[in-house]
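> To start, I am sharing the structure in question, which I have written as structure tokens.
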Amino acid sequence: MSYFPLPRPARIAVMASGRGSNLEALLKAFPHDNPLGHIVLVLSDQREALALQKAVEAEVEAEYVPWPKSRDQGVAYQTGREQFEQVAGQLLHDHRIDLILLAGFMRLLSPAFVQAWQGRILNIHPSLLPQFPGLHAQRQALEAGVSESGCTVHFVDAGMDTGPIVLQRRVPVLPGDTEETLAARILEQEHQAYPEAVRMLLAGDFR
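The numbering of the sequence shown is this note's numbering, which starts it at 324 and goes up by one.
Structure follows, in structure tokens:
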């Protein structure tokens, strides 16, 4: 089932845990006057995330939603993920969100949450999936000795970086590359690939 295109600009939320470089690219690509859609909410599980500051600077609502450590509360036991998703879910509902973009969001969402947003939640990963899912993708690529890497924009499902692929961009792995130099080269492509993939989805050009 495809939810897009919509008969109006889509309302977009971004979830980020860190510096927000992909968020910055998305904010530039989807400002308030973009007829396809615009970012109206940024959520982070890290109080000091630069992503929240960048959202405020762009005059987009920024919300810190904690991901508490799991603890035993007797009968009313809840994990940190459940508590996060409960608060985040209410914020997404209140802001009438149509599409969620994960941009450096370093948490794994529950199958139930992902299922509720099936077809309306994207992620970007710094490898050519299905190669090198999970953490330290650049390190994995260097250790594997591959000649190229890149980034992948994909739908989020219940697995770890396993959802259907929307778009990929490739970069060479150069002699002498470190995790940092390879990550920087990939990041340049991420900043182009993520907005492009979102435009494709919102315009109804991806099936």
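Glycine residues also receive a C-beta, built at the ideal position from the N, C-alpha and C atoms. The structure displayed is predicted, hence computed values, not measured ones.
1) Use the C-beta contact count for lysine 377: other C-beta atoms within 10 angstroms, 16 or more gives buried, fewer gives exposed.
2) Who are the Cβ neighbours of valine 337 in its own chain at under 7 Å, not counting the five residues just before and after it?
3) Helix, strand or coil, according to DSSP, for glycine 473 in the structure here?
4) Could you give the DSSP three-state label for glutamate 371: helix, strand or coil?
5) Per DSSP, what are the beta-bridge partners of glutamine 409 in this structure?
6) Starting from leucine 554, follow its DSSP beta bridges and name the residues at the other end.
7) Taking leucine 525 as the reference, which of Gly343, Lys351, Leu359 has the closest Cα?
8) Go through its chain and collect everything with a Cβ distance to arginine 370's Cβ below 6 Å, but skip five positions before and after it.
9) Beta-carbon within less than 8 Å of arginine 462's beta-carbon, same chain only, minus the 5 sequence neighbours each way: which residues are those?
For this structure:
1) Position 54 of the sequence shown, counted from the first residue, corresponds to residue 377. Lysine 377 is buried by the Cβ-count criterion.
2) For the purposes of this step, residue 337 is identified with residue 14 of the sequence shown, where counting begins at 1. Excluding sequence neighbours, valine 337 sits near Leu346, Leu349, Ile362, Val365, Leu424, Ala426.
3) Here residue 473 refers to the residue found at position 150 of the sequence shown. Here glycine 473 sits in strand by DSSP.
4) The residue given as residue 371 occupies position 48 in the sequence shown. The answer is coil: DSSP assigns glutamate 371 none of H, G, I, E or B.
5) For the purposes of this step, residue 409 is identified with residue 86 of the sequence shown, where counting begins at 1. The partner list for glutamine 409 (beta bridge, DSSP) is empty, contrary to what the question assumes.
6) Coverage of the chain is limited to positions 324 through 530, which leaves residue 554 absent and any answer about it impossible.
7) Taking the first residue of the sequence shown as position 1, residue 525 is located at position 202. Answer by Cα proximity: Leu359.
8) Numbered from its first residue, the sequence shown carries residue 370 at position 47. The residues are Tyr387.
9) Within the sequence shown, residue 462 is the residue found at index 139, counting from 1. These residues qualify, in order along the chain: Glu502.
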